[in-house]
Amino acid sequence: MFKYPRKIPLFYKILLPSAITKMQVEEKKIFLSFDDGPHPEITPWILKELDKYQAKATFFCTGKNLSEYSNIARLIILKGHQLGNHTFAHENAWQTSRELFIRSIEKTQSLINDINSSAKYIFRPPYGKLSPILALKLSKKGYKIYLWTLMLGDFNAKIKSNVVLNKTIKKIKSGDIIVLHDNEKSFENLKKILPELLEILSRKGYRFEKF
Ligand SMILES: [Zn+2]
Numbered sequence: 009m010f011k012y013p014r015k016i017p018l019f020y021k022i023l024l025p026s027a028i029t030k031m032q033v034e035e036k037k038i039f040l041s042f043d044d045g046p047h048p049e050i051t052p053w054i055l056k057e058l059d060k061y062q063a064k065a066t067f068f069c070t071g072k073n074l075s076e077y078s079n080i081a082r083l084i085i086l087k088g089h090q091l092g093n094h095t096f097a098h099e100n101a102w103q104t105s106r107e108l109f110i111r112s113i114e115k116t117q118s119l120i121n122d123i124n125s126s127a128k129y130i131f132r133p134p135y136g137k138l139s140p141i142l143a144l145k146l147s148k149k150g151y152k153i154y155l156w157t158l159m160l161g162d163f164n165a166k167i168k169s170n171v172v173l174n175k176t177i178k179k180i181k182s183g184d185i186i187v188l189h190d191n192e193k194s195f196e197n198l199k200k201i202l203p204e205l206l207e208i209l210s211r212k213g214y215r216f217e218k219f
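Its first residue numbered 9, the sequence shown is counted upward by one per residue in this note's numbering.
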């Protein structure tokens, strides 16, 4: 079992050198991202927590959830956050043909564009899995690939959220990209981690920004 928070494996950085794993910033800024939504209850809860700190974040959504919960996706934009592309049905790039994988991304992007006509083309592959050829094809189509710096393991029922939180606070640095999830299996941990993370890091002078 992995220990969390977990840094992005070096392997991913070597395989996908063009993917972003940290932001270059001069001020104290953290980049929160939430994968797998939108979810009709969890995402609005996250939005309320973020609002308390004027925090902005990026939501990497699946096309399937975007089409089902487009009202929540609109709320994400209305609140000043950003939508990112996380494929249509959370496909694994290593188990899907390249054509189908790209079609899944493009279908999702058109849903994002319908909700926000000035949306950026930002993509996070499910499980962080992508091939160098796909990365190249996507960059030719104008997509930027965002991985992460620290994964907090909120989806893992076995983590001790207070331990993960304390270690995260110690490790975190300006420009770090944090991954959390707006899906059901993560919500118990997220409820404990997110409010504390926002409170403690805000007190330390960090601000939270979207990509
Ligand atoms: Zn995901």
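For every residue, glycine included, the Cβ atom is placed at its ideal position computed from N, Cα and C.
Exercise for the section: Kindly identify the DSSP beta-bridge partner or partners of tyrosine 20. Expected result: The residue you call residue 20 lines up with position 12 of the sequence shown. BP columns for tyrosine 20 are empty, so no partner.
Exercise for the section: State the start and end residues of the unbroken alpha helix (DSSP H) segment that holds threonine 51. Expected result: Mapped onto the sequence shown, residue 51 falls at position 43. Per DSSP, threonine 51 belongs to the alpha helix (DSSP H) from 50–59.
Handout entry: phenylalanine 68 Cβ short of 8 Å to ligand 1 heavy atom set
Key = Your numbering for residue 68 matches position 60 in the sequence shown. The nearest non-hydrogen atom of ligand 1 is less than 8 Å from the C-beta of phenylalanine 68.
Exercise for the section: Taking the CB atoms as reference points, tell me whether isoleucine 180 and leucine 158 lie closer together than 9 Å. Expected result: Position 172 of the sequence shown, counted from the start, is the residue given in the question as residue 180. Position 150 of the sequence shown, counted from the start, is the residue given in the question as residue 158. Yes, Cβ-Cβ distance for isoleucine 180 and leucine 158 is below 9 Å.
Handout entry: Where the alpha helix (DSSP H) containing lysine 37 begins and where it ends
Key = In the sequence shown, residue 37 corresponds to position 29, counting from 1. Counting along the chain, lysine 37 falls outside any alpha helix (DSSP H), though it belongs to the beta strand (DSSP E) covering 37–43.
Problem - contact_flag[the stretch 86–99, the stretch 107–115] where n(CB pairs < 8 Å) is 3 or more - result: The stretch 86–99 makes contact with the stretch 107–115, as at least three CB pairs between them are under 8 Å.
Practice task
Take proline 134 and list the residues in its own chain whose beta-carbon comes closer than 7 Å to its own, dropping the five residues that flank it on each side.
Solution key: Start at 1 with the first residue of the sequence shown, and residue 134 comes out as number 126. Closer than 7 Å at the Cβ level, and outside the excluded window around proline 134, lie His94, Thr95, His98, Glu99 and Asn100.
Exercise for the section: State the DSSP-derived secondary structure class of arginine 215, mapped to helix, strand or coil. Expected result: Numbered from 1 along the sequence shown, position 207 holds the residue referred to as residue 215. Correct three-state label for arginine 215: strand.
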